[in-house]
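Protein chains in written order, with our numbering: chain A, 1 to 343; chain B, 1 to 370; chain C, 1 to 541.
Every residue gets a Cβ at the ideal spot worked out from N, C-alpha and C, and that includes glycine.
Encoded as structure tokens, the structure appears first; notes follow it.
Now the structure itself:
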């Protein structure tokens with residue numbers, strides 16, 4: 001009972017590995033955030049430790065303990081949370097964290113059948129830490145399974161990838177997510193449709209949205225902010241930019257998310273403009289989308305998308321956030337109604 | 001859970017099991033110590049997932065139960081209480097209430113069912129050894145195990161149970177120590193396991209004055225060993241992997257054999273080591289009729305030359321060793337005299353205490369220009 | 001239960017087993033035969049090409065009790081077995097990543113002098129040698145040069161360029177090359193036989209091809225196939241596992257693009273995505289199809305291997321599609337950024353829209369690299385290619401703050417490939433108002449190529465490079481630079497810095513000019529910024 005939605009190929013690969021007793025000692029799960037990598041990793045950890053004939057049963061003591069994160073043989077390694085006296089979190093998984101594993105690898109499982117090491121965010125390993133794993137990852141003693149998770153495969157050294165069975169978890173098709181939201185989480189149809197689109201194929205994200213209503217509200221607020229500022233003059237836009245930058249200095253991700261939201265919006269405008277309204281993401285705002293699509297010509301829309309992407313990339317590359325955002329504000333598409341930029 | 005026990009018993013028990021409390025861990029509950037009533041005793045349990053220690057203390061149990069509480073907090077509190085006083089313990093919900101004299105404490109705990117299960121060893125080989133012999137074995141063998149983890153099997157001590165003999169061996173690629181001791185109860189089949197050095201060191205520390213024997217159990221798939229004392233049990237994980245076949249490392253014959261006083265030899269080696277510090281620790285031995293010269297030199301510091309009386313049989317011989325390896329082994333010998341056997345400058349040196357055939361130590365020589 | 005994976009189970013145990021690397025094998029075997037054993041070897045090459053395996057085989061070969069170290073290891077004597085099982089005390093495998101401090105190398109250096117316990121040679125196999133710090137590498141130099149006679153070092157690395165030359169010169173170097181498909185197939189055949197598998201020759205070929213020269217990758221792939229499909233493997237299954245779709249929509253999409261049917265094309269790509277197909281593979285196949293189209297168009301259809309039916313389709317399409325457009329479309333799609341980190345269809349959609357854009361010249365060319373100044377100087381008299389001047393008129397118009405003409409349309413904002421920042425197109429130097437634009441465009445390059453007597457790390461240069469520093473006007477030989485922060489302005493206005501700044505720009509302009517600084521504090525500057533409004537570059541940190 002894997003109870004995994006989607007990822008059929010990945011699950012059946014693991015299932016057959018279990019049947020034939022050819023579970024590998026190292027897997028690399030590649031896929032975007034919230035697509036279900038950790039979920040699959042935990043299931044695999046259960047499967048190799050499960051006491052029932054049909055693994056993973058999800059019911060036996062071992063499965064339950066693993067699900068609760070209380071099993072002595074399952075270790076999850078991730079970025080260490082900042083200690084109380086540290087302001088910023090660590091940006092790398094340290095050599096020390098890896099050394100602890102290496103010591104532990106050589107001892108047999110404590111209570112289960114296999115030791116399982118799940119390294120979440122493998123791209124966060126320092127080069128030294130990754131290299132330190134190489135020997136062990138190539139030839140660990142028996143009864144050990146490594147599961148490495150990453151959202152950014154190109155940051156994982158090739159020497160590591162080559163020692164693992166690589167499994168890619170692609171985003172799920174919208175309809176599978178919509179279906180799952182309808183049947184398993186009993187979300188009302190319109191919301192399910194919207195969330196499925198917004199999730200970009202990552203079920204975990206959609207489920208977070210279902211479980212926490214404020215997240216969807218936040219998306220609405222963010223979108224309204226952008227839409228309010230779109231037809232406004234430069235003064236208002238710059239005030240907005242300053243506000244965004246202030247937030248950015250506290251939490252970098254939020255601004256990226258806001259930009260992603262805005263990018264997605266303009267993709268929708270583009271889709272409406274080119275006659276594909278059925279493929280849009282923001283299905284709850286089709287009316288506004290249609291209206292905006294009518295106000296701008298295709299070139300403007302196309303160009304603005306590039307500008308949003310550029311801004312987003314520049315932020316990732318540590319450009320001055322204020323400059324980036326102000327430039328973006330200056331580069332909002334013109335529809336002729338905007339007042340003069342200079343007065 | 002409701003019981004009472006004596007402060008000194010609890011304090012001592014906690015200090016024993018706290019050796020097994022995890023320090024850095026991904027499973028927070030292993031920072032706790034588990035308290036479980038066991039008939040008329042209180043059992044204290046701690047584990048770092050490599051070894052688990054259980055210790056029983058006498059207690060007046062009014063109501064059975066179990067809980068886990070932060071080990072360090074409990075130890076520090078109990079240690080600070082006046083000695084000789086009675087401690088009353090009561091579990092209210094998940095909170096452990098302690099009362100002693102006019103002091104009271106409440107410690108929030110975590111349910112004992114979440115504590116990692118301490119493995120039970122009911123099957124496998126079971127035997128026992130004399131404490132004194134085991135102590136000596138640990139002292140004379142463990143130091144030869146490898147300190148770095150690049151070869152995990154070498155960080156442990158190889159233990160072979162065969163007939164009524166237990167052979168402990170450790171090697172780090174540069175030396176080998178082998179100690180044999182009798183088993184009180186013969187085992188039916190030959191079993192070879194690798195015990196982590198740390199476990200043996202902890203065991204050595206655990207063994208109290210009043211103990212005579214220690215019971216050993218190794219589970220059938222050789223992943224765990226149980227060491228049982230009167231009031232304490234230690235379960236240890238065993239290192240997995242194949243230990244080198246060390247018997248081939250012990251030379252069967254020798255060309256020269258010197259017999260010397262352990263104390264004199266040790267003194268000479270220590271002195272030579274001082275000068276050998278910046279020369280890869282090289283200490284040179286020359287065996288000639290009636291004596292051994294022990295020398296070392298450093299291009300910058302100078303040199304040292306010592307002579308000691310020895311009975312030398314066979315040919316004259318020259319050989320160089322790392323001084324530390326000689327002082328390590330000579331320091332743990334109890335006997336008065338020791339023999340050193342060599343064949344040529346590039347074959348191993350064999351050290352045996354005179355009057356005891358239970359111990360052999362093999363040291364690889366060093367390459368030097370004579 | 002975790003069973004041994006193929007690459008461990010079938011690790012080569014003798015030179016003859018080893019896939020490829022003929023010259024390495026031959027040289028090592030000769031060395032063994034003649035007894036010319038070197039004391040330090042450097043094995044370099046990409047992952048999965050046999051470095052560690054060769055090192056272990058060599059360790060067995062020199063220490064083999066049966067052959068006396070004269071050739072292939074026997075793999076039956078006690079020594080060979082001990083080495084194969086990883087319990088030989090004298091074969092020391094170290095990964096440099098875990099032992100990279102000077103102290104650890106010192107310890108190693110001391111221990112090197114200790115005789116081997118059993119073997120003829122004590123062998124140090126140091127993997128990922130490039131992970132050693134320079135200090136640690138240097139600490140090892142002397143030992144590498146003159147190790148004791150019983151020691152052999154084998155250093156292995158995937159990154160040869162990180163190895164100190166002094167280390168290289170002390171080792172006998174062996175280059176391990178990516179394995180050919182035939183070498184990989186040969187080794188896979190062995191595994192297939194040993195595991196009693198069946199695999200179609202075409203399928204095998206495809207596995208070998210996908211492994212890009214790494215045997216371990218090929219073995220992993222084979223293992224996944226076996227796990228997935230059992231012991232009988234065909235071509236289609238390999239395609240499926242590799243995510244090769246063979247989807248008919250590749251052809252449809254190509255047709256729609258050349259018919260400028262943007263709407264349907266976008267529908268098509270979205271349907272591909274919602275079916276959960278791998279977009280990267282879809283892209284690869286699309287580009288491959290477009291390449292076929294190109295070959296047909298350019299009159300070399302014999303170079304492609306497709307069915308007659310497909311050829312007919314290609315020919316029909318080629319007739320309708322003009323060559324420049326084919327080239328443009330190939331370029332647009334091969335640049336579309338899809339990968340494991342970007343699963344959206346947006347890059348495809350943009351490429352589709354860009355494909356439909358009429359050729360109006362501005363954005364097909366990639367950005368020219370910053371050129372040497374002389375060539376682009378505003379006052380250069382040399383004839384220059386005429387850049388699309390219609391591109392920029394309103395730049396000039398709105399340029400002076402005194403004449404704040406509102407900008408109503410900016411159809412020119414170049415929307416080229418997203419990964420190139422600053423898509424500011426070329427400027428005609430003859431266009432008077434645009435000197436400043438030009439400066440902005442070349443800003444980075446100007447600061448890279450300062451006059452020889454100015455230090456590149458001069459304070460003035462550093463300030464000029466900072467973000468928030470930008471030229472705003474150039475009038476009457478006076479360049480006005482706007483600075484975001486007051487302290488920067490104060491600093492730049494210091495005599496020395498001002499002098500250097502003027503020197504830089506005078507040299508660039510070809511005649512003397514003055515520099516004046518203003519503080520960026522009003523929307524006038526921002527509006528000006530807007531017109532060249534791209535960030536010149538981004539400091540990567």
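Next on the checklist: Here's a check: name, in chain order, each residue in its chain whose Cβ is nearer than 7 Å to the Cβ of residue 57 of chain A, leaving out the five neighbours to either side.
Outcome noted: In the first chain, residue 57 of chain A corresponds to position 57, counting from 1. Cβ within range, chain order: 1, 50, 63.
Next on the checklist: Measuring CB atoms only, is the segment 145 to 158 of chain B touching the segment 191 to 209 of chain B, in the sense that at least three cross pairs come out at less than 8 Å?
Outcome noted: yes
Checklist entry - Does the segment 283 to 300 of chain B come close enough to the segment 320 to 329 of chain B to have 3 or more Cβ pairs within less than 8 Å? => result yes
Item to check | Beta-carbon proximity check, residue 365 of chain B vs residue 349 of chain B, cutoff 8 Å | outcome: On the second chain, residue 365 of chain B is found 365 positions in, with the first residue counted as 1. On the second chain, residue 349 of chain B is found 349 positions in, with the first residue counted as 1. Result yes, Cβ atoms of residue 365 of chain B and residue 349 of chain B sit closer than 8 Å.
Item to check | CB contact check: residue 173 of chain B to chain C, cutoff 8 Å | outcome: Here residue 173 of chain B refers to the residue found at position 173 of the second chain. It does: the Cβ of residue 173 of chain B has a partner Cβ on chain C nearer than 8 Å.
Checklist entry - Of all the residues that make up the segment 105 to 126 of chain A, which are near chain B by a beta-carbon distance shorter than 7 Å? => result 106, 107, 108, 110, 111
Item to check | Local conformation of residue 368 of chain C per DSSP, three classes | outcome: The count along the third chain starts at 1 and reaches residue 368 of chain C at position 368. Note that residue 368 of chain C has pLDDT 41, beneath the 50 cutoff, so the model's placement of it is unreliable and the number below is only indicative. The answer is coil: DSSP assigns residue 368 of chain C none of H, G, I, E or B.
Next on the checklist: Taking CB distances under 8 Å as the criterion, tell me whether residue 102 of chain A reaches chain B.
Outcome noted: Indexing the first chain from 1 puts residue 102 of chain A at position 102. Chain B, which has a Cβ nearer than 8 Å to the Cβ of residue 102 of chain A, makes this yes.
Item to check | Closest by C-alpha distance to residue 242 of chain B, when choosing among A:142, A:35, A:25, A:192 | outcome: Your numbering for residue 242 of chain B matches position 242 in the second chain. Closest option to residue 242 of chain B, Cα to Cα, is A:142.
Item to check | Under 7 Å from the C-beta of residue 373 of chain B: neighbouring residues of chain A | outcome: Within the shown structure, residues of chain B are numbered from 1 to 370, placing residue 373 of chain B beyond reach of any answer.
Checklist entry - In whole angstroms, what separates the C-alpha of residue 336 of chain C from that of residue 344 of chain C? => result On the third chain, residue 336 of chain C is found 336 positions in, with the first residue counted as 1. On the third chain, residue 344 of chain C is found 344 positions in, with the first residue counted as 1. Rounded to the nearest angstrom, the two C-alpha atoms are 11 Å apart.
Next on the checklist: Quick check: the Cα distance between residue 247 of chain C and residue 268 of chain A, rounded to an integer number of angstroms?
Outcome noted: Stepping through the third chain from its first residue, residue 247 of chain C is reached at position 247. Stepping through the first chain from its first residue, residue 268 of chain A is reached at position 268. Taking the straight line joining both Cα atoms gives about 26 Å.
Item to check | Contact set between residue 554 of chain C and chain A, taken where Cβ atoms lie within less than 9 Å | outcome: The structure shown does not extend to residue 554 of chain C, since chain C is modelled only from 1 through 541, so no value can be given for it.
Item to check | Beta-carbon proximity of residue 19 of chain C to residue 63 of chain C, cut-off 8 Å | outcome: Along the third chain, one-based indexing puts residue 19 of chain C at 19. Along the third chain, one-based indexing puts residue 63 of chain C at 63. In this structure, residue 63 of chain C does not lie closer than 8 Å to residue 19 of chain C by Cβ.
Next on the checklist: Please list the terminal residues of the continuous alpha helix (DSSP H) segment that includes residue 148 of chain A.
Outcome noted: Taking the first residue of the first chain as position 1, residue 148 of chain A is located at position 148. Here residue 148 of chain A belongs to no alpha helix (DSSP H); instead the beta strand (DSSP E) covers 144 to 150.
Checklist entry - In terms of alpha-carbon separation, which member of C:162, C:169, C:164 lies closest to residue 146 of chain C? => result Locating residue 146 of chain C in the third chain gives position 146, counting from the first residue. For residue 146 of chain C, the nearest C-alpha among the options comes from C:169.
Next on the checklist: Counting only Cβ-Cβ distances shorter than 8 Å, please list the residues of the segment 311 to 323 of chain B near chain C, keeping chain order.
Outcome noted: 322
Item to check | Contact set between the segment 199 to 211 of chain B and chain A, restricted to residues whose Cβ is under 9 Å from the partner | outcome: none
Item to check | Beta-carbon contacts of residue 167 of chain C that lie in its chain and below 6 Å, excluding the five residues immediately before and after | outcome: Within the third chain, residue 167 of chain C is the residue found at index 167, counting from 1. Only 137 meet the Cβ criterion.
Checklist entry - Does residue 242 of chain B get closer than 8 Å to chain C when you measure Cβ to Cβ? => result Along the second chain, one-based indexing puts residue 242 of chain B at 242. Chain C contact via Cβ: present.
Item to check | Minimum Cβ-Cβ distance from residue 131 of chain C to chain E less than 8 Å | outcome: Note that chain E does not occur in the displayed structure, where the protein chains are A, B and C.
Next on the checklist: For the structure I just gave you, are there three or more beta carbon pairs, one from the segment 51 to 60 of chain C and one from the segment 95 to 108 of chain C, closer than 8 Å?
Outcome noted: no
Checklist entry - If contact means a Cβ-Cβ distance below 8 Å, which residues of the segment 280 to 300 of chain B contact chain C? => result 280, 281, 282
Item to check | Three-state secondary structure (DSSP) of residue 314 of chain A | outcome: Here the question's residue 314 of chain A lines up with position 314 in the first chain. Helix, per DSSP.
Next on the checklist: What does the Cβ neighbour count give for residue 125 of chain A, buried or exposed, with the cut at 16 atoms within 10 Å?
Outcome noted: Taking the first residue of the first chain as 1, we reach residue 125 of chain A at position 125. With 16 or more Cβ atoms within 10 Å of its Cβ, residue 125 of chain A is classed as buried.
Checklist entry - Does residue 13 of chain C come within less than 8 Å of chain B when only Cβ atoms are used? => result Stepping through the third chain from its first residue, residue 13 of chain C is reached at position 13. Output row for residue 13 of chain C: interface = no.
Next on the checklist: My assumption, with CB atoms under 8 Å, is that residue 129 of chain C sits in contact with residue 41 of chain C. Please give the rounded CB distance.
Outcome noted: Position 129 of the third chain, counting from 1, holds the residue named residue 129 of chain C. Position 41 of the third chain, counting from 1, holds the residue named residue 41 of chain C. 11 Å between Cβ atoms; not a contact.
Item to check | Within the segment 471 to 509 of chain C, ranges of the beta strand (DSSP E) (whole runs, at least 3 residues) | outcome: 478 to 483
Checklist entry - Can you list the residues of chain A that residue 224 of chain C reaches, using a CB-CB cut of under 7 Å? => result As a first step, residue 224 of chain C is located in the third chain; it is residue number 224 there, counting from the start. Under the 7 Å cutoff, chain A gives 13, 165.
Item to check | Identity of the residue in A:139, A:241, A:317, A:275 nearest residue 330 of chain A by Cα | outcome: To locate residue 330 of chain A, count along the first chain from 1; it is residue 330. Selected option, being the one with the closest Cα: A:241.
Next on the checklist: Beta carbons nearer than 8 Å to chain C: which residues of the segment 339 to 350 of chain B have them?
Outcome noted: 346, 347, 348
Item to check | Contacting positions in the segment 225 to 236 of chain C - beta carbon closer than 7 Å to chain A | outcome: 227, 228
Next on the checklist: Would you call the segment 4 to 13 of chain B in contact with the segment 287 to 297 of chain A, where contact means no fewer than 3 C-beta pairs closer than 8 Å?
Outcome noted: no
Item to check | CB contact check: residue 87 of chain C to chain B, cutoff 8 Å | outcome: Residue 87 of chain C sits at position 87 when you count from the first residue of the third chain. Yes, contact with chain B.
Checklist entry - If contact means a Cβ-Cβ distance below 8 Å, which residues of the segment 7 to 29 of chain B contact chain A? => result 24, 26, 27, 29
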